[in-house]
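**Q** Chains as they are written, first to last, in our numbering: chain W, -6 to 167; chain S, 1274 to 1897.
One structure is given below, represented as structure tokens, and several questions about it will come after.
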């Protein structure tokens, strides 16, 4: 049911009146708390950004849920990448030492291999994610929406008892 | 700008702050309790925690740390405790407490509820250091478990000494070795019999004798004939020399062969002794001169305490690791990652209590306050190489009646090699109802007694040296629970009852796998002497029985070998001596004959020479 709920929300977001920019930024920024451990200082900054600017919250939540699952799979990669950045690259040792000794900065857990590895990955993916999701939303609205509605599986699903029951329950809940 | 969102965020933050005001104390209290319980292995409970965020101060009314070995009592309990955290360090994610006062500390207080926590399966220890401590602990335990068991009952000894079955079990080697010796003697004599059969010098000797006797230089007319006779005798002499060499070589071989075959005579005592000891071992006849009685009686208790100390040091080294120059990549738990530490300019370890003052008492109740304790601890931290100073603990306790305790500990993990030293001095410590490790010889509780204890434990890397000196007086055990026919236990009981003071000096030291353990007690000689007095008669009888049987076996087998060996040796020796004598006799005769012929030849030559000279003189006289 959670999975169906997520897909339904995802489709709702795509069909909503929000601009492709807002949705794409939502997805792109939601990737950061999704990939990195949630209880970190940088995620508070991301949350403030999402709230202050008109960024689609539903898209950010979707990205958070989706990328949290991906993060678990890629955890060993994040650890290795973080170790290389924090230990192996000698040119970065001084900046890290400065940061380690500075107030507040250590509270960000920047010196944790998984935090560093996943944060760097999320930042690197930020713009590609934004552009990809922007293209994706536009493409969906322009042509895929109508085509997907015609898919047999969608029709079968829409006509299935399970979906009808679920829709009724949702209406009752509303 | 999304104003609604901002307002929402502000509301959430405000709610967070309000919730914190109401619940932060509970959250911190619960967090500290969980962390403490995980460290101790039993419940750690904090009552009335108050966190002042503005001043960064923490205060609690009561702290209870359950004794993990006895979960219905606290190993430590404190009264009101207050301390402040360092703001600058906290902003750098470090918990630094500059000064802390633990007042009204008490030990061994009873708990209202059970302080046990469900045990989680132990994770496999990975570091070499932990393995080393674990290995040492296991080795010490094994040493104690492998001590000989003293079970001595003279009556049972008499009954149970079945020599036939003991001899069968002991697999004696003396009869086998004597049989082998007999086989060797038989083979040697056969070889020599064959030799004497083949070696027949009589014929040659007779020929030589005849040749020598027949030659009479007086009867030989010419010098060439004499020279021919000399040649004959010299040839005989050469033959005799060869014979003499053969006899000499054989004489030597004879000695070697019969000395080897007769080696059983020299070895029989060793074989006898080995078999005797083997039978004693199978009969489990005790060694009454045993010296390590202190180890048998108190070994398990001492090793238990030493293992506890090793476990403490192991745990200390786990929480206060030594410096590692190179950052090693670890395989952390999923989504946990590895925290990398850099050069710390502020010298803030992750956790530090710079100075802690402690005061309290060892007694659990107001009526029996026990020793009044007072002391300081400095530099309790989780990263000693960052802090740069060793952790030091100095704690002392005293009571009006002269009882005292003094603990000094230095934990120096600043350098590459960790050095830990603990020194405990206790005077007039009450041993009333003190539990000791279970043993077959002593009850698990000391009924009464007073002791002076000095313990020093030194650790440097993987090297350690622990010494313990105990002087206990008026020692009393309740032996009524120990019903046993074991006389050793009865003797131990008597000796302890009659001794005013029992001393124990133990030292356990080693490095890596090399481990040594020494334990001396004034009980050793006393118990051993008593044991010999009581047990010697029964033991002597048993030993004589074993000796008698062994002597019979020895005599029977020895007689067989001896008879053969001695008879053949004498026979062959006689033959060899005869040959030697005869050859020598002929050699002397031949040499005399050679001498006689040579002299005769010389005199004849001289006569011929004179004749020629005279003839020449006559011829020359006619000429002039």
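Cβ atoms here follow ideal geometry from the backbone N, Cα and C, with glycine treated the same way.
Just the Cα atoms here: how many angstroms apart are residue 1288 (chain S) and residue 1326 (chain S)?
**A** Position 15 of the second chain, counted from the start, is the residue given in the question as residue 1288 (chain S). Position 53 of the second chain, counted from the start, is the residue given in the question as residue 1326 (chain S). Using only the alpha carbons, I get a separation of about 17 angstroms.
**Q** Given this structure, state the Cα-to-Cα distance separating residue 1884 (chain S) from residue 1495 (chain S), to the nearest angstrom.
**A** Here residue 1884 (chain S) refers to the residue found at position 611 of the second chain. Here residue 1495 (chain S) refers to the residue found at position 222 of the second chain. The alpha-carbon atoms of residue 1884 (chain S) and residue 1495 (chain S) are separated by roughly 15 angstroms.
**Q** In angstroms, rounded to a whole number, what distance separates the CA positions of residue 1810 (chain S) and residue 1768 (chain S)?
**A** Here residue 1810 (chain S) is taken as the residue at index 537 of the second chain, counted from 1. Here residue 1768 (chain S) is taken as the residue at index 495 of the second chain, counted from 1. Using only the alpha carbons, I get a separation of about 20 angstroms.
**Q** Of all the CB atoms in chain S, is at least one closer than 9 angstroms to the CB of residue 30 (chain W)?
**A** Translated into the one-based positions of the first chain, residue 30 (chain W) becomes position 37. Chain S contact via Cβ: present.
**Q** Give a yes or no on contact between the stretch 1499 to 1511 of chain S and the stretch 1864 to 1872 of chain S, applying the rule of three or more CB pairs nearer than 8 angstroms.
**A** A contact exists between the stretch 1499 to 1511 of chain S and the stretch 1864 to 1872 of chain S.
**Q** Evaluate the contact criterion for the stretch 1685 to 1696 of chain S versus the stretch 1711 to 1722 of chain S: three or more CB pairs, one atom per stretch, below 8 angstroms.
**A** No: the two stretches stay apart, fewer than three of their Cβ pairs being nearer than 8 angstroms.
**Q** When you compare each of S:1588, S:1854 and S:1339 to residue 1406 (chain S) by their alpha carbons, which one comes out closest?
**A** In the second chain, counting from the first residue as 1, residue 1406 (chain S) sits at position 133. Ranking S:1588, S:1854 and S:1339 by Cα distance to residue 1406 (chain S) puts S:1588 first.
**Q** With DSSP as the reference, please indicate the residues paired to residue 1666 (chain S) in a beta bridge.
**A** The residue you call residue 1666 (chain S) lines up with position 393 of the second chain. BP columns for residue 1666 (chain S) point to S:1650 and S:1682.
**Q** Could you give the residue range of the beta strand (DSSP E) that holds residue 128 (chain W)?
**A** Along the first chain, read from residue 1 onward, the residue named residue 128 (chain W) stands at position 135. No beta strand (DSSP E) contains residue 128 (chain W), which is instead part of the alpha helix (DSSP H) from 106 to 132.
**Q** Is the CB of residue 1281 (chain S) under 9 angstroms away from at least one CB in chain W?
**A** The count along the second chain starts at 1 and reaches residue 1281 (chain S) at position 8. Residue 1281 (chain S) counts as touching chain W.
**Q** Using a Cβ-Cβ cutoff of less than 6 angstroms, which residues in the same chain neighbour residue 1664 (chain S) once the five nearest sequence positions on both sides are dropped?
**A** As a first step, residue 1664 (chain S) is located in the second chain; it is residue number 391 there, counting from the start. Closer than 6 angstroms at the Cβ level, and outside the excluded window around residue 1664 (chain S), lie 1652, 1653 and 1684.
**Q** Taking its Cβ as the centre, do 16 or more other Cβ atoms sit within 10 Å of residue 1656 (chain S), making it buried, or is it exposed?
**A** The residue given as residue 1656 (chain S) occupies position 383 in the second chain. So residue 1656 (chain S) ends up on the buried side.
**Q** Would you mind working out which of W:89, W:140, W:108 and W:76 sits nearest residue 32 (chain W), comparing C-alpha positions?
**A** Counting from 1 along the first chain, the entry for residue 32 (chain W) is found at position 39. Answer by Cα proximity: W:108.
**Q** What separation, rounded to the nearest whole angstrom, lies between the Cα atoms of residue 1779 (chain S) and residue 1590 (chain S)?
**A** To locate residue 1779 (chain S), count along the second chain from 1; it is residue 506. To locate residue 1590 (chain S), count along the second chain from 1; it is residue 317. Cα to Cα, residue 1779 (chain S) sits roughly 25 angstroms from residue 1590 (chain S).
**Q** For my contact list, residue 1312 (chain S) and residue 1420 (chain S) are in at a C-beta cut-off of 8 angstroms; report their separation, rounded to the angstrom.
**A** Taking the second chain and counting its residues from 1, one reaches residue 1312 (chain S) at position 39. Taking the second chain and counting its residues from 1, one reaches residue 1420 (chain S) at position 147. The pair is not a contact, with the Cβ atoms about 35 angstroms apart (cut-off 8 angstroms).
**Q** So with CB distances below 7 angstroms, who are the chain W contacts of residue 1597 (chain S)?
**A** Numbered from its first residue, the second chain carries residue 1597 (chain S) at position 324. None at all; the shortest Cβ gap to chain W is about 13 angstroms.
**Q** Quick one: Cα of residue 1282 (chain S) to Cα of residue 87 (chain W), how far?
**A** Looking up residue 1282 (chain S) in the second chain gives position 9. Looking up residue 87 (chain W) in the first chain gives position 94. Answer to the nearest angstrom: the Cα atoms are 36 angstroms apart.
**Q** Do the stretch 1619 to 1634 of chain S and the stretch 1371 to 1378 of chain S meet, that is, are 3 or more Cβ pairs less than 8 angstroms apart?
**A** Yes, since at least three Cβ pairs between the stretch 1619 to 1634 of chain S and the stretch 1371 to 1378 of chain S fall closer than 8 angstroms, the two stretches touch.
**Q** Measuring alpha carbon to alpha carbon, tell me which of W:6, W:1, W:104 and W:82 ends up nearest residue 1611 (chain S).
**A** The count along the second chain starts at 1 and reaches residue 1611 (chain S) at position 338. Measuring from the Cα of residue 1611 (chain S), the nearest candidate turns out to be W:104.
**Q** Do the stretch 1525 to 1538 of chain S and the stretch 1838 to 1850 of chain S touch if we need at least three Cβ pairs shorter than 8 angstroms?
**A** Flag = yes, the stretch 1525 to 1538 of chain S and the stretch 1838 to 1850 of chain S touch.
**Q** Comparing C-alpha positions only, which one of S:1341, S:1521 and S:1733 sits nearest to residue 1315 (chain S)?
**A** Counting from 1 along the second chain, the entry for residue 1315 (chain S) is found at position 42. Nearest option by C-alpha distance: S:1341.
**Q** How long is the line joining the alpha carbons of residue 1706 (chain S) and residue 1762 (chain S), rounded to whole angstroms?
**A** For the purposes of this step, residue 1706 (chain S) is taken as the residue at position 433 of the second chain. For the purposes of this step, residue 1762 (chain S) is taken as the residue at position 489 of the second chain. Their Cα atoms are separated by approximately 20 angstroms.
**Q** Any C-beta of chain S within less than 7 angstroms: which residues of the stretch 89 to 119 of chain W qualify?
**A** Result list: 89, 90, 93, 94, 96, 97, 99, 100, 104, 105, 106, 107 and 108.
**Q** Report the residues of the stretch 71 to 83 of chain W with a CB closer than 8 angstroms to any CB of chain S, ordered along the chain.
**A** Per Cβ criterion, the list reads 71, 72, 75, 76, 79 and 80.
**Q** Between which two residues does the alpha helix (DSSP H) harbouring residue 1770 (chain S) extend?
**A** Along the second chain, read from residue 1 onward, the residue named residue 1770 (chain S) stands at position 497. First-last of the alpha helix (DSSP H) with residue 1770 (chain S): 1760 to 1771.
**Q** Starting from the beta carbon of residue 1594 (chain S), find every residue of chain W whose beta carbon is closer than 9 angstroms, and list them in chain order.
**A** Position 321 of the second chain, counted from the first residue, corresponds to residue 1594 (chain S). Per Cβ cutoff of 9 angstroms: no residues; residue 1594 (chain S) is ~17 angstroms from chain W at best.
**Q** For residue 146 (chain W), decide whether its Cβ has a neighbour in chain S, counting only Cβ atoms nearer than 9 angstroms.
**A** Counting from one through the first chain, the residue named residue 146 (chain W) turns up at place 153. No, its Cβ sits nowhere closer than 9 angstroms to a Cβ of chain S.
**Q** Which residues in the same chain as residue 1644 (chain S) place their Cβ atom closer than 7 angstroms to its Cβ, once the five residues preceding and following it in sequence are excluded?
**A** Against the second chain, residue 1644 (chain S) aligns to sequence position 371. The residues are 1634, 1635, 1670, 1671, 1672, 1676 and 1678.
**Q** Starting from residue 1778 (chain S), follow the beta strand (DSSP E) in both directions and report where the run begins and ends.
**A** One-based indexing of the second chain puts residue 1778 (chain S) at position 505. Looking at the DSSP string, the run of the beta strand (DSSP E) that includes residue 1778 (chain S) is 1774 to 1784.
**Q** Would DSSP call residue 1593 (chain S) helix, strand or coil?
**A** The residue given as residue 1593 (chain S) occupies position 320 in the second chain. Here residue 1593 (chain S) sits in coil by DSSP.
**Q** If we call anything under 9 angstroms between Cβ atoms a contact, is residue 1793 (chain S) one with residue 1777 (chain S)?
**A** Against the second chain, residue 1793 (chain S) aligns to sequence position 520. Against the second chain, residue 1777 (chain S) aligns to sequence position 504. Against a cut-off of 9 angstroms, the Cβ pair of residue 1777 (chain S) and residue 1793 (chain S) comes out as a contact.
**Q** Can you tell which of S:1878, S:1823, S:1526 and S:1513 has its C-alpha closest to the C-alpha of residue 1443 (chain S)?
**A** Walking along the second chain from the start, residue 1443 (chain S) turns up at place 170. Measuring from the Cα of residue 1443 (chain S), the nearest candidate turns out to be S:1823.
**Q** Can the beta-carbon of residue 1718 (chain S) be found less than 9 angstroms from the beta-carbon of residue 1751 (chain S)?
**A** The sequence position of residue 1718 (chain S) within the second chain is 445, counting from 1. The sequence position of residue 1751 (chain S) within the second chain is 478, counting from 1. Contact flag set, yes.
**Q** What residues from chain S crowd round residue 41 (chain W), counting only those whose CB sits closer than 8 angstroms?
**A** If you number the first chain from 1, residue 41 (chain W) lands on position 48. Ordered by position in chain S, the residues that pass the 8 angstroms Cβ test against residue 41 (chain W) are 1282.
**Q** Taking the C-alpha atoms as reference points, what is the distance between residue 1833 (chain S) and residue 1855 (chain S)?
**A** The sequence position of residue 1833 (chain S) within the second chain is 560, counting from 1. The sequence position of residue 1855 (chain S) within the second chain is 582, counting from 1. In a straight line, the C-alpha of residue 1833 (chain S) is about 34 angstroms away from that of residue 1855 (chain S).
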